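Engineer: Okay, here's the structure, questions in a sec.
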Amino acid sequence: MANIVTLNTPFREDWLYQLGDVITDPNELLTLLALNDNADLQSGHEARRLFPLRVPRAFVTRMQRGDPRDPLLLQVLTAREEFIAAPGFTTDPLDEQRSVVPGLLHKYNNRALLLVKGGCAVNCRYCFRRHFPYQDNQGNKANWVQALDYIRTRPELDEIIFSGGDPLMAKDHELDWLIAELEGIAHIKRLRIHTRLPVVIPARITDTLCQRLEQSRLQVLMVTHINHANEIDDALRESMNKLKRHGVTLLNQSVLLRDVNDSADVLAALSNALFDAGILPYYIHVLDKVQGAAHFMVSDDEARVIMKGLMSKVSGYMVPKLTREIGGEPSKTILDLRLKQS
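Residue numbering for the sequence shown follows the UniProt record's numbering, beginning at 1 and increasing consecutively.
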């Protein structure tokens, strides 16, 4: 049986230290996982020119040493398939690269996305924003001020979504400033934080952050991005429990990924692990057709079969909505689970 990788250097609890303790070389990652003699995995190294490899060692410890099909490894490792120019796959699959002001996307009537920071703790190879022009939408105070001015003039907005990149790349004092500014806008009722950072570095959920979220007049929701039950360990469960104790509503969204979670059994294990950690399964997205990620694609009909299987294995409240995002549409599109007639 494959063993979970262990590292010689003990982790420090400082999330900023862990954020900098990353692997950016595919060879180093494969060597650490005893996979450096796997020719198939070695063949994809050049794809880091398309999108850099970045994975914190804190996340690598959850990967199975010696397993080339480890579902966590497949999400982050460069692959030669990223060079395939698949029909229908583009650099801007959601038609997002026209912000109303730098770093702010007003995609839906009542809610807007603030791209708080452009960077992430981990680079997921299927990321729909892997080609996004973050250089034109930098997460800094000057752009935040413009975004806040826009939000103040749009009374139809009642919810702001912190997105990115990853919004929790911002330090606690930066988030405190942003939240305080939003609290001063009367028509804003809710703050939603979409993040993967606490999944790969659970220490990011600091006491300071939890206390600030609890003190806010806004209703605060955090949407984690977890695709496989193996991503959930004791450290993550404790971080999520801290958030719940401070009144934060926890939801999860996943992406349906070929060879990672494309089976009813795997998704059932994920839903159970999420619910046990106090997180409600919310959405499971079919893959956004971003250039370089076609090898992760699961067809709509395959997705429908998988979801029907999932419904037979878990309670209804643990079944996420199967959804697709279409650029320009006023909301997510929920997929009908009925199979098409041939």
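Here a beta-carbon is modelled for each residue, glycine too, at the ideal position from N, C-alpha and C.
Just so it is clear, the structure is predicted and the values come from calculations on it, not from any experiment.
When the Cβ atoms of the region 141-160 are set against those of the region 245-259, are three or more pairs found closer than 8 Å?
Structural biologist: no
Engineer: Helix, strand or coil for N261 per DSSP?
Structural biologist: Counting from one through the sequence shown, the residue named residue 261 turns up at place 261. Of the three classes helix, strand and coil, the one that applies to N261 here is coil, per DSSP.
Engineer: Applying the 10 Å Cβ sphere with the 16-neighbour rule, what's the burial state of H285?
Structural biologist: Locating residue 285 in the sequence shown gives position 285, counting from the first residue. Its Cβ being crowded by 16 or more others within 10 Å, H285 is buried.
Engineer: Could you please give me the residues that DSSP links to H194 through a beta bridge?
Structural biologist: In the sequence shown, counting from the first residue as 1, residue 194 sits at position 194. BP columns for H194 point to V223.
Engineer: Could you check where the alpha helix (DSSP H) with T90 kicks off and where it finishes?
Structural biologist: Within the sequence shown, the letter at position 90 stands for residue 90. Note, T90: premise wrong, no alpha helix (DSSP H); not H, not E.
Engineer: Could you have a look at R65 and say whether DSSP puts it in helix, strand or coil?
Structural biologist: Numbered from its first residue, the sequence shown carries residue 65 at position 65. Strand at R65.
Engineer: Mapping DSSP to helix, strand and coil, what is K308?
Structural biologist: Against the sequence shown, residue 308 aligns to sequence position 308. Helix at K308.
Engineer: G164 by DSSP, collapsed to three states: which one?
Structural biologist: Working through the sequence shown from its first residue, we reach residue 164 at position 164. Strand, per DSSP.
Engineer: Using only the alpha-carbon positions, how far apart do I205 and L243 sit?
Structural biologist: The residue labelled residue 205 in the question sits at position 205 within the sequence shown. The residue labelled residue 243 in the question sits at position 243 within the sequence shown. Rounded to whole angstroms, I205 to L243 spans 8 Å at the Cα level.
Engineer: Between which two residues does the beta strand (DSSP E) holding N252 run?
Structural biologist: Mapped onto the sequence shown, residue 252 falls at position 252. Residues T249 to V255.
Engineer: In chain order, what are the residue ranges of uninterrupted beta strand (DSSP E) at least 3 long that sit wholly in the region 107-191?
Structural biologist: Look at the region 107-191 and you find these whole runs of beta strand (DSSP E), each 3 residues long or longer: 111-117 and 159-164.
Engineer: Under the three-state reduction of DSSP, which class applies to P10: helix, strand or coil?
Structural biologist: Looking up residue 10 in the sequence shown gives position 10. Because the pLDDT of P10 is 43, which lies under 50, any placement of that residue in the model is unreliable, and the number read from its coordinates should be weighed accordingly. Residue state, collapsed to three classes: coil.
Engineer: So the candidates are A170, L157, L74 and S99; which of them puts its Cα closest to the Cα of G119?
Structural biologist: Against the sequence shown, residue 119 aligns to sequence position 119. Among A170, L157, L74 and S99, the Cα nearest to that of G119 is on A170.
Engineer: Whole angstroms is fine: what's the gap from S99's alpha carbon to L115's?
Structural biologist: In the sequence shown, counting from the first residue as 1, residue 99 sits at position 99. In the sequence shown, counting from the first residue as 1, residue 115 sits at position 115. C-alpha separation (whole angstroms): 10 Å.
Engineer: Cβ of F83 within 8 Å of Cβ of V290?
Structural biologist: As a first step, residue 83 must be located in the sequence shown, where it is residue number 83. As a first step, residue 290 must be located in the sequence shown, where it is residue number 290. It is not a contact, given that the beta carbons lie outside the stated cut-off.
Engineer: Who does P56 pair with in a DSSP beta bridge?
Structural biologist: One-based indexing of the sequence shown puts residue 56 at position 56. According to DSSP, P56 bridges with V22.
Engineer: Assign R324 to one of three DSSP states: helix, strand, or coil.
Structural biologist: Your numbering for residue 324 matches position 324 in the sequence shown. Correct three-state label for R324: strand.
Engineer: Using the Cα positions of N8 and I23, report the straight-line distance between them to the nearest angstrom.
Structural biologist: Taking the sequence shown and counting its residues from 1, the one referred to as residue 8 is at position 8. Taking the sequence shown and counting its residues from 1, the one referred to as residue 23 is at position 23. Interpretation of N8 is limited by its pLDDT of 44, a score under 50 that renders its predicted location unreliable; no figure is taken from the coordinates.
Engineer: How should R49 be labelled, buried or exposed, when 16 other C-beta atoms within 10 angstroms of its C-beta is the threshold for buried?
Structural biologist: As a first step, residue 49 is located in the sequence shown; it is residue number 49 there, counting from the start. Burial call: exposed.
Engineer: DSSP state of A2, grouped into three classes?
Structural biologist: Taking the sequence shown and counting its residues from 1, one reaches residue 2 at position 2. With a pLDDT of 46 at A2, under the threshold of 50, the modelled position of that residue is not reliable, and the figure given next carries that caveat. Coil, per DSSP.
Engineer: So, under 8 Å CB-CB, A264 and L310 are touching, yes? Tell me the CB distance rounded to an integer number of Å.
Structural biologist: As a first step, residue 264 must be located in the sequence shown, where it is residue number 264. As a first step, residue 310 must be located in the sequence shown, where it is residue number 310. 5 Å between Cβ atoms; contact.
Engineer: Who does D267 pair with in a DSSP beta bridge?
Structural biologist: Here residue 267 refers to the residue found at position 267 when the sequence shown is read from its first residue. Sequence inspection shows Leu at residue 267; the Asp mentioned does not correspond to that position. DSSP lists no beta-bridge partner residue for L267.
Engineer: With 16 other CB atoms within 10 Å as the buried threshold, where does M1 fall?
Structural biologist: If you number the sequence shown from 1, residue 1 lands on position 1. Its pLDDT being 40, under 50, M1 is placed unreliably in this model, and the value from its coordinates should be taken loosely. The residue in question, M1, is exposed, as its Cβ has fewer than 16 Cβ neighbours within 10 Å.
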